[in-house]
Amino acid sequence: MYKVRYVRLYCGYGVNRVIHDSCYREFCTVSENIGNQSQSIGVNIQSSFKHPPFVYHESYSVTPWDPKHRFVMSKFRCLYETLVNNAECYDSRLLNRSPPLNISDLYLAHDPNYVQKVITGTLSSAAIRKTGLPLNSGVIQRTLYEVSGTILSASLALQHGLGMHLAGGTHHAHASFGAGFCYFNDVAVAASKFQQELGGTVLIVDLDVHQGDGTARIFERNEHVFTISIHGQNNWPIDKAVSDIDVGLPDGTGDEEYILHLEQTLLPVLDTIEPCLAFYNAGADVHKDDALGKLSLTDDGMIRRDQFVLSELLSRRIPTAVVIGGGYHRNSKSVIQRHAITHQTACRIWKSRNHKINHCVT
1 MYKVRYVRLY CGYGVNRVIH DSCYREFCTV SENIGNQSQS IGVNIQSSFK
51 HPPFVYHESY SVTPWDPKHR FVMSKFRCLY ETLVNNAECY DSRLLNRSPP
101 LNISDLYLAH DPNYVQKVIT GTLSSAAIRK TGLPLNSGVI QRTLYEVSGT
151 ILSASLALQH GLGMHLAGGT HHAHASFGAG FCYFNDVAVA ASKFQQELGG
201 TVLIVDLDVH QGDGTARIFE RNEHVFTISI HGQNNWPIDK AVSDIDVGLP
251 DGTGDEEYIL HLEQTLLPVL DTIEPCLAFY NAGADVHKDD ALGKLSLTDD
301 GMIRRDQFVL SELLSRRIPT AVVIGGGYHR NSKSVIQRHA ITHQTACRIW
351 KSRNHKINHC VT
């Protein structure tokens, strides 16, 4: 078993984009050898629920919080309240509260020494500044519950086909340091945990506007986890990591170009590997009005993005855990509305489908 690092960098539109066809052919050929050679069987999930299950915890929004801080801490609570008041998306029976985290799970993706420094609040001042977040009891608590929430979302996906987390996507956390508002990498921890339990390939589709550099580096030598990142090439982080597939988009990329690149990237992967579980980072910072985004997707473009990804994954019976990723704006209501797009889209897809998922059998 071995892993292909195939990087696509789009430098412009149309004839200006650079695609290494020979690498792409190699990717399609070699990817057939990725993951374990287990078989899959279809399992019917006869669910009486009209909505997918979702996960939340009240500690996600730390208070008090500086309203001028770039990280919109209130968005998690407000997103929850928005969905609770939306009959299309909310069913009280399907609200799952994040459980306390088993700290040993963090060691699956992070250095134990680093973990202990975070949870005891003893990181150096320089390491704390690098994350862009303070390190106090409220932030530590929310960070731990956020990781456990993504683990629970993945567990629910394996039971029902889809698990929606009202937080998560802390993809800038590396094995031994944090960055970009991230202390621990929730998806990396959950992906590592379930890959070990399931024994097959785990797919990570990261569509946050910022590259999932921490995730890519954590899994750079792991042939059982396949990472895709479609992001703004000129956006932070400047020092890009190497995912299995990277698509760096130019500033100002709009709906049509974005969807084209997404289709050309995801479909060949889904045609060549059969994941036991997928994680989808549905970052809202691709929106044209995002304060840190630099891309130009509209509300309709985000709907089309989420609909394409979720429809493809679920139609192929791949259990999928969704995290919300980034979203930044001084007007927190705008950020919440954009995050809600993903959940509303997921609810519409859920209602239109038979929930049949693959279980990997070793």
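When you line the sequence shown up against this note's numbering, it's residues 1 to 362, in that order. Virtual Cβ for every residue (Gly too), placed ideally from N, Cα, C.
Next item on the list: Can you tell me which of Y114, N85, L262 and S311 puts its alpha carbon nearest to the alpha carbon of A173?
Entry: Y114
Note to self: Suppose the cutoff is 8 angstroms on Cβ atoms and the five residues either side in sequence are ignored; what does the same chain contact list for R330 look like?
What the structure shows: The beta carbon of R330 lies closer than 8 angstroms to those of A291 in the same chain, with the five residues before and after it left out.
Item checked: With 16 other Cβ atoms within 10 Å as the buried cut-off, status of E257 -> E257 is buried by the Cβ-count criterion.
Next item on the list: Have a look at the DSSP bridge pairing and note the partners of R97.
Entry: Its beta-bridge partners are Y56.
Check: Out of curiosity, what's the CA-to-CA distance linking G138 and V202?
Finding: 31 angstroms
Checklist line | As assigned by DSSP and simplified to three states, the class of H160 | finding: helix
Next item on the list: Quick one: using the 10 Å Cβ neighbour count with 16 as the cut-off for buried, is G178 buried or exposed?
Entry: buried
Next item on the list: May I have a chain-ordered list of the alpha helix (DSSP H) segments no shorter than 4 residues that lie completely inside the segment 154-215?
Entry: 186-198
Checklist line | Counted within 10 angstroms of its Cβ, other Cβ atoms place D246 as buried (16 or more) or exposed | finding: buried
Item checked: Three-state secondary structure assigned by DSSP to A366 -> There is simply no residue 366 to check, as the chain begins at 1 and stops at 362 in what is shown.
Notebook entry, point to check: Is S229 helix, strand or coil when you go by DSSP?
Noted result: strand
Next item on the list: State buried or exposed for P67, treating a residue as buried only when at least 16 other CB atoms are found within 10 Å of its CB.
Entry: exposed
Check: If you follow the alpha helix (DSSP H) that D300 is part of, which residue opens it and which one closes it?
Finding: D299 to S315
Note to self: Using CA atoms only, rank isn't needed, just tell me which of F181, R129, A157 and R304 is closest to V55.
What the structure shows: A157
Note to self: At 3 residues or longer, what runs of the beta strand (DSSP E) sit wholly inside the segment 73-151?
What the structure shows: Counting only runs that start and end inside the segment 73-151, the beta strand (DSSP E) elements of at least 3 residues fall at 95-97.
Next item on the list: Could you check what DSSP says for H224 in three-state terms: helix, strand or coil?
Entry: coil
Margin query: Just to confirm before moving on: does the CB-CB distance between F71 and L133 stay below 8 angstroms?
Written below: yes
Next item on the list: Please report the Cβ distance between D206 and N281, rounded to the nearest whole angstrom; I am assuming they are in contact, meaning their Cβ atoms lie under 8 angstroms.
Entry: 4 angstroms
Next item on the list: Thinking R304 and I341 are a contact (beta carbons under 8 angstroms), I'd like their distance in whole angstroms, please.
Entry: 10 angstroms between Cβ atoms; not a contact.
Next item on the list: Determine the closest residue to N86 out of T345, R353 and S352, with distance taken between C-alpha atoms.
Entry: T345
Next item on the list: State the start and end residues of the unbroken beta strand (DSSP E) segment that holds L292.
Entry: Careful: L292 lies outside any beta strand (DSSP E) and carries neither H nor E.
Checklist line | Endpoints, alpha helix (DSSP H) assigned at I259 | finding: D255 to T272
Notebook entry, point to check: Is it right to say D239 is buried, meaning 16 or more other beta carbons lie within 10 angstroms of its own, or is it exposed?
Noted result: Result: exposed.
Next item on the list: Can you have a look at R129 and say buried or exposed, based on whether 16 or more other CB atoms are within 10 angstroms of its CB?
Entry: Its Cβ having fewer than 16 others within 10 Å, R129 is exposed.
Check: Roughly how many angstroms lie between the CA atoms of W65 and D251, to the nearest whole one?
Finding: 31 angstroms
Note to self: I'd like to confirm the pairing. Which residues does DSSP put opposite H287 in its beta bridges?
What the structure shows: Bridge partners of H287: L297.
Next item on the list: Round the Cβ separation of G169 and G325 to the nearest angstrom and send it over; I've been treating them as touching at under 8 angstroms.
Entry: About 4 angstroms separates the beta carbons of G169 and G325, which is inside the 8 angstroms limit, making them a contact pair.
Checklist line | Proximity to H231 [Cα-Cα], best of V225, D285, F279 and H224 | finding: D285
Check: Which partner residues does T320 have in the DSSP bridge list?
Finding: L162 and A278
Next item on the list: Pick out whichever of L310, Q159, V147 and G180 has its Cα sitting closest to the Cα of L192.
Entry: Here residue 192 is Ser; the residue named in the question, Leu, does not match the sequence. Per the Cα distances, V147.
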